[in-house]
Amino acid sequence: MSAVILLLITGVGLGALYFLVASGLSLIYGLMGVLNFAHGSFLTLSGFLGWEVGRRVGDGSWAGLLIGMAVGVLVGAGSAALTELVFIRRLYNRHIEQVLVTVGLGLATVALFEGIWGSDPIQIKSPGWLSRTTEIAGVHIPNDRWLLIGAAVAVLLLIVLFLQKTSYGLIIRAGVENRTMVTALGIDVRRAFTIVFAIGGAAAGLGGVLASVYYGQVSAHQGTSLLIYAFIVTVIGGLGSLSGAAIAAVIVAVIQQFANYYFGAGDLAVVLLLAVVILVRPTGLMGKVKH
Amino acid sequence: MTPILTVQDLNVRIAGQQVVEDVSFDVAAHGVTALLGRNGVGKSSTLKGLLGLYERSGEVTFDGTRIDKLMTHRVVQQGIAYVPEDREVFSQLTVAENLRLAERGGAPQRALVDELFPELRQRANQQAGTLSGGQQQMVSLSRALMNDNQLILVDEPTKGLAPLIVGTVTEALKKAAEITPMLLVEQNLQVVRDLAHTVVVLSGGRVVHTGPADEFLDSDLVQRHLGVSSDGKAAEGLDEEPAEKADGPASSTEAKEDDT
């Protein structure tokens, strides 16, 4: 029983990390129909710069981590907005070119990161409490999972509040449903595109810093490997559905943890789950978007 | 009176295929101008071309300003509202949110919308996707009436509606047209008769007739160009064998029809 509780909570923690990356992907696809293969680069860059600033403030301290997280959010938002303005804006409704450009950008930035920080992972220090465990019902839960879960819940609430309570949130919700009609109401939907990219990048940036805490290291390939899971989560949740991404992130991570523990086949289980969802429910758990 | 909209040699393409060819017509600065034609002749594509929703070329002048190079949101911001075919309300948003989204500037015309469609106020918090077709059309029309526009493009507003609702929508359009001129695409000829003072008839992607609405609707040009009798009923064999061209009204212009 204790193993089940441990796997469940650690699974939810990992799912929180997946959600931070997948939420942006899902929002971006939902509004713009863009499959952004460069999304992992926002995460990696934020992870590196968050670590660089954080260790200068206080290596292994809470202040360093919190400032690193803030830097990750800003770097993620800025790099994503810049990507939208410079590359994606010229390529709306040109899906092949979007894929080519974002894949190319993803590959080029990994090479750039390797050139700057090397190809080997860099071990990082985190606040002591995060390396310890908290006992719940006789089970020792790693504390970094609580940080991940808390951050993901906060991000989910903030995005939902933004979507429900602001005028740009209204435009984005309408645009996910019918982008053409939003334009036909006299709204420059391109501003909403940039904002959505920035929000997605900010979440991925936070995810980048927290991923380095979770793995205890930061590397040039961190974003690429997490991006694969994020895409799987996005497809299972339903392209364009934020709540779908949240639910799917938890399902994928929990199944992955259980399959790893009992069969040593976590990745296989995730791919099988993806195949089943695509066959049985091609639009995903909560997907409605058609582009 | 100077027309509010002048369309000169408009061409519209969808995915590279030409669907509207060298269309020219004016929209009067008052009342309703109807754009008529059989199914698939390019009426809706013309409206979408004017808005820039489809690739277009040619000259479109609105209230003295060229708008044919403007992006869609800029065209609308000039003062042109659009009521699309099939309503296209945002089904996941509430009625109030649909209307709020349409507001431009600081003075939305809430009072007019409330007067025309009081029912919508009671349904403000209802998801638009759960409304009936007629209610959705009210939302769609209200979105166009929220702002102080100089022209409204309306695409088949009575399509698929129950006869009772058609009457309500027609009355609303009539009141709206007293304030704002309208370019109306409509298959229901009774609605056209009730609303329009002028008709522009398309066939094969081109304008084949322009003139007063009553005269057109009372002539056998209706059969020739629309394939229906003037009461709106389908006429047999007209698609294959157009009737001999009749003389149009003195003030009308009749172009040679190209059946391509």
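Keeping their order, the protein sequence lines are chains A and B. Residue 25 is where the first sequence starts when you use the numbering used here, and the numbers rise one by one after that. Residue 3 is where the second sequence starts when you use the numbering used here, and the numbers rise one by one after that. Glycine is no exception: its CB is placed at the ideal position from the N, C-alpha and C atoms. Just so you know, these numbers come straight off a predicted model, no measurement behind them.
Simplified DSSP state of residue i, which is helix, strand or coil
i, result
"residue 211 of chain A", "coil"
"residue 227 of chain B", "helix"
"residue 300 of chain A", "helix"
"residue 28 of chain A", "helix"
"residue 116 of chain B", "helix"
"residue 198 of chain A", "helix"
"residue 15 of chain B", "strand"
"residue 38 of chain B", "strand"
"residue 84 of chain B", "strand"
"residue 208 of chain B", "strand"
"residue 28 of chain B", "strand"
"residue 126 of chain B", "coil"
"residue 59 of chain B", "strand"
"residue 154 of chain B", "strand"
"residue 305 of chain A", "coil"
"residue 10 of chain B", "strand"
"residue 213 of chain B", "strand"
"residue 158 of chain A", "strand"
"residue 33 of chain A", "helix"
Closer than 7 Å at the beta carbon, the chain B residues around residue i
i, result
"residue 197 of chain A", "94, 95"
"residue 204 of chain A", "55"
"residue 194 of chain A", "99, 102, 103"
Distance, residue j Cα to residue i Cα
i, j, result
"residue 176 of chain A", "residue 41 of chain A", "7 Å"
"residue 158 of chain A", "residue 164 of chain A", "5 Å"
"residue 288 of chain A", "residue 279 of chain A", "12 Å"
"residue 100 of chain B", "residue 147 of chain B", "12 Å"
"residue 205 of chain A", "residue 90 of chain B", "7 Å"
"residue 194 of chain B", "residue 172 of chain B", "9 Å"
"residue 308 of chain A", "residue 298 of chain A", "9 Å"
"residue 241 of chain B", "residue 40 of chain B", "Any reading at residue 241 of chain B is ruled out, since the residue's pLDDT is 37, under 50, leaving its predicted position unreliable."
"residue 111 of chain B", "residue 182 of chain B", "13 Å"
"residue 257 of chain A", "residue 43 of chain B", "45 Å"
"residue 95 of chain B", "residue 170 of chain B", "24 Å"
"residue 132 of chain B", "residue 123 of chain B", "15 Å"
"residue 185 of chain A", "residue 78 of chain A", "29 Å"
"residue 239 of chain B", "residue 222 of chain B", "A caution first: residue 239 of chain B carries a pLDDT of 34, below 50, which makes its placement in the model unreliable, though a value can still be read off. For residue 239 of chain B and residue 222 of chain B, the distance between alpha carbons rounds to 14 Å."
"residue 274 of chain A", "residue 98 of chain B", "34 Å"
"residue 187 of chain A", "residue 180 of chain A", "11 Å"
"residue 51 of chain B", "residue 13 of chain B", "8 Å"
"residue 81 of chain A", "residue 75 of chain A", "10 Å"
"residue 4 of chain B", "residue 127 of chain B", "42 Å"
Distance between beta carbons of residue j and residue i, contact taken as under 8 Å
i, j, result
"residue 103 of chain B", "residue 194 of chain A", "6 Å"
"residue 84 of chain A", "residue 189 of chain A", "38 Å between Cβ atoms; not a contact."
"residue 168 of chain B", "residue 46 of chain B", "Contact flag wrong, Cβ pair sits at about 19 Å."
"residue 260 of chain A", "residue 276 of chain A", "6 Å"
"residue 79 of chain B", "residue 58 of chain B", "Rounded, the Cβ-Cβ distance is 18 Å, inconsistent with contact."
"residue 134 of chain A", "residue 61 of chain A", "With a Cβ gap of about 11 Å, residue 134 of chain A and residue 61 of chain A do not count as contacting."
"residue 311 of chain A", "residue 265 of chain A", "5 Å"
"residue 281 of chain A", "residue 34 of chain A", "6 Å"
Contacts that residue i makes with chain A (C-beta to C-beta distance below 7 Å)
i, result
"residue 104 of chain B", "209"
"residue 78 of chain B", "208, 209, 210"
"residue 182 of chain B", "Those within 7 Å of residue 182 of chain B in chain A number zero; the least Cβ separation is about 15 Å."
"residue 63 of chain B", "None at all; the shortest Cβ gap to chain A is about 19 Å."
Interface residues of chain A facing residue i [CB-CB closer than 9 Å]
i, result
"residue 87 of chain B", "Going along chain A, no residue has its Cβ under 9 Å from residue 87 of chain B, so there is no contact; the nearest lies around 12 Å."
"residue 132 of chain B", "Under the 9 Å cutoff, chain A gives no residues; its nearest Cβ is about 14 Å from residue 132 of chain B."
"residue 74 of chain B", "204, 207, 208, 210"
Where residue i meets chain B, residues with beta-carbon distance less than 8 Å
i, result
"residue 144 of chain A", "Within chain B, no residue comes near residue 144 of chain A; the closest Cβ sits about 47 Å away, beyond 8 Å."
"residue 201 of chain A", "92, 93, 94, 95"
Burial state of residue i, where buried means 16 or more other Cβ atoms lie within 10 Å
i, result
"residue 49 of chain B", "buried"
"residue 180 of chain B", "exposed"
"residue 119 of chain A", "exposed"
"residue 286 of chain A", "exposed"
"residue 30 of chain A", "buried"
"residue 300 of chain A", "exposed"
"residue 86 of chain A", "exposed"
"residue 151 of chain B", "buried"
"residue 160 of chain A", "exposed"
"residue 48 of chain A", "buried"
"residue 143 of chain A", "exposed"
"residue 153 of chain A", "exposed"
"residue 86 of chain B", "buried"
"residue 306 of chain A", "exposed"
"residue 140 of chain A", "exposed"
"residue 165 of chain B", "exposed"
Under 8 Å by beta carbon: chain A residues contacting residue i
i, result
"residue 15 of chain B", "Here the premise fails: no neighbours, minimum Cβ distance about 14 Å."
"residue 145 of chain B", "209"
Within chain B, partners of residue i - CB distance below 9 Å
i, result
"residue 159 of chain A", "What residue 159 of chain A touches in chain B: nothing, since even the nearest Cβ is about 44 Å away."
Residue i CB to nearest heavy atom of the ligand NAD below 6 Å
i, result
"residue 306 of chain A", "As far as ligands go, the structure on display features none, and thus does not contain the ligand NAD."
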